[in-house]
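Participant: Going by our numbering, the first residue of the sequence shown is number 1, and it counts up by one from there. Backbone N, C-alpha and C fix where the C-beta goes; we use that ideal spot for every residue, glycine too. Would you mind keeping the following structure in view while I ask a few things?
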Amino acid sequence: MSFLSSFDISASGMTAERQRLDIASENIANSETTRTASGEAYRRKMVVLEEVPSTSFRTRFNSLLNRTASKGGVKVTQIIEDQRDLNPVYNPDHPDANEEGYVMMPNVDLVKETVDGMAATRAYEANITAFNAMKLMAQRALDIGK
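Structure representation (structure tokens):
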């Protein structure tokens, strides 16, 4: 792994964590949405992350020649909907209530979404710290050559 690919790895982590935070925010914003375009209540979304493996020198060299470089890090592979049951709440006056008076509410847990958002924020900050440390090392290495 080259020194400069460390910047790419931290940047991929920051991008993935920003996406996680966006999805957590979307879930919180839609925690009371009882009707979407599909006609049912909003379903919690989750981000699926996957490792982008770093490669050996030979593979890396050949991929750079072919411009298909893989430097390592993480990527968002998909955003999936949580298939857990929706939460029935008795509210016969609600326009989306069924014949029995129950409204199907989203399967969003505000505490879980808050924790996910906090974890994404902390992971983002950790990637920024690593990025800044690598930047400082590069600056110090250039100072040695003076």
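1. Put residue 112 into one of helix, strand or coil per three-state DSSP.
2. Excluding the five sequence neighbours on either side, which residues of its own chain have a C-beta within less than 6 Å of the C-beta of residue 124, listed in chain order?
3. Which of helix, strand or coil does DSSP assign to residue 135?
4. Where DSSP assigns a beta bridge to residue 81, which residues make up the other side?
5. Going along the chain, which residues of its own chain have a beta-carbon closer than 7 Å to the beta-carbon of residue 31, five neighbours each way excluded?
6. Could you check whether residue 52 and residue 73 sit closer than 8 Å to each other, using their CB atoms as the reference points?
7. What is the rounded straight-line gap between the Cα of residue 112 and the Cα of residue 87?
Facilitator: Quick look at the numbers:
1. When DSSP states are grouped into helix, strand and coil, residue 112 belongs to the helix group.
2. Only 14 and 17 meet the Cβ criterion.
3. Three-state DSSP puts residue 135 in a helix.
4. Under DSSP, the beta-bridge partners assigned to residue 81 are 45.
5. The residues are 106, 108 and 110.
6. For residue 73 and residue 52, yes; Cβs fall inside 8 Å.
7. Rounded to the nearest angstrom, the two C-alpha atoms are 15 Å apart.
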